Amino acid sequence: MKLFVVLNDGIRSCYAKPSNIQDLTELRTGPLLMKQITLHIEQSGLDFAQAKRIAEQRALDADENAMLLAWSSRDQGKVSPEVQECTGDQPGWRAYAESHGGNIEIDINDGDYVFIYATVNGD
Numbered sequence: 038m039k040l041f042v043v044l045n046d047g048i049r050s051c052y053a054k055p056s057n058i059q060d061l062t063e064l065r066t067g068p069l070l071m072k073q074i075t076l077h078i079e080q081s082g083l084d085f086a087q088a089k090r091i092a093e094q095r096a097l098d099a100d101e102n103a104m105l106l107a108w109s110s111r112d113q114g115k116v117s118p119e120v121q122e123c124t125g126d127q128p129g130w131r132a133y134a135e136s137h138g139g140n141i142e143i144d145i146n147d148g149d150y151v152f153i154y155a156t157v158n159g160d
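In my numbering, the protein residues as written are 38 to 160.
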């Protein structure tokens with residue numbers, strides 16, 4: 038089985054599909070040219086460490102030098118970095134990532150876990 042990634046410009050890529058991920062992952066460009074990868078993991082008891090490993094692999098697929106800048110874990114009620122900035126309508130951790138070159142956001146299970154990475158090549 039394959040997992041299809043659909044880009045805004047209509048280009049389609051194909052990846053091998055792990056059995057616990059639903060059939061479609063959508064890749065789109067956000068307002069600040071941040072690519073957003075949305076994953077739906079069908080795994081009971083998915084924890085932060087497992088979600089982080091999945092996100093890291095996706096980021097490394099985009100760029101072998103991808104670096105995690107920020108994350109949010111809804112079930113733990115935690116974010117990193119804990120930044121109290123005057124950011125208007127977005128949380129400080131997200132503003133931090135965007136202002137430090139974050140260009141890939143990986144959202145797992147509709148915001149249960151969100152990871153923002155910076156990549157060297159801008160993918």
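For each residue, glycine too, the CB sits at the ideal point set by N, CA and C.
For clarity, every value in this text was computed on a predicted model and none was experimentally measured.
On the criterion of 16 or more Cβ atoms from any shown chain inside 10 Å, does residue i qualify as buried, or is it exposed?
| i | result |
| --- | --- |
| Arg90 | exposed |
| Ala155 | buried |
| Ala86 | exposed |
| Leu106 | buried |
| Asp84 | exposed |
| Asp144 | buried |
State the start and end residues of the unbroken alpha helix (DSSP H) segment that holds residue i.
| i | result |
| --- | --- |
| Ala134 | Gly129 to Ser136 |
Identify the continuous beta strand (DSSP E) that holds residue i and give its terminal residues.
| i | result |
| --- | --- |
| Glu142 | Ile141 to Ile145 |
| Gln121 | That residue, Gln121, is in no beta strand (DSSP E); it is neither H nor E in DSSP. |
| Ile78 | Where Ile78 is concerned, there is no enclosing beta strand (DSSP E), given that its DSSP letter is neither H nor E. |
Under three-state DSSP, which class holds residue i?
| i | result |
| --- | --- |
| Asp149 | coil |
| Gly67 | Any reading at Gly67 must be qualified, since the residue scores a pLDDT of 38, below 50, and its modelled position is unreliable; the value itself is stated next. Coil, per DSSP. |
| Ala103 | coil |
| Gln113 | coil |
| Asp84 | coil |
Taking residue i as the reference, give the member of the options with the closest Cα.
| i | options | result |
| --- | --- | --- |
| Gly114 | Asp100, Val157 and Tyr150 | Tyr150 |
| Asn140 | Ile153, Arg95, Asp147 and Ser110 | Ile153 |
| Glu79 | Gln73, Ala88 and Leu106 | Ala88 |
| Ser109 | Gly129, Glu101 and Val157 | Gly129 |
| Ala96 | Ser81, Asp147, Ala132 and Glu142 | Glu142 |
| Leu70 | Ser136, Asn146 and Gly148 | Ser136 |
| Val116 | Met104, Ala103, Gln94 and Arg131 | Arg131 |
| Ala99 | Gln73, Asn146, Tyr133 and Asp147 | Gln73 |
| Gly82 | Asp112, Ala92, Leu76 and Met104 | Asp112 |
Let me check one thing: in DSSP terms, what residues is residue i bridge-paired to?
| i | result |
| --- | --- |
| Ala155 | Met104 |
Taking only beta-carbon positions, decide if residue i is within less than 9 Å of chain B.
| i | result |
| --- | --- |
| Glu119 | Going by chain labels, chain B is absent from the structure shown, which holds only one protein chain. |
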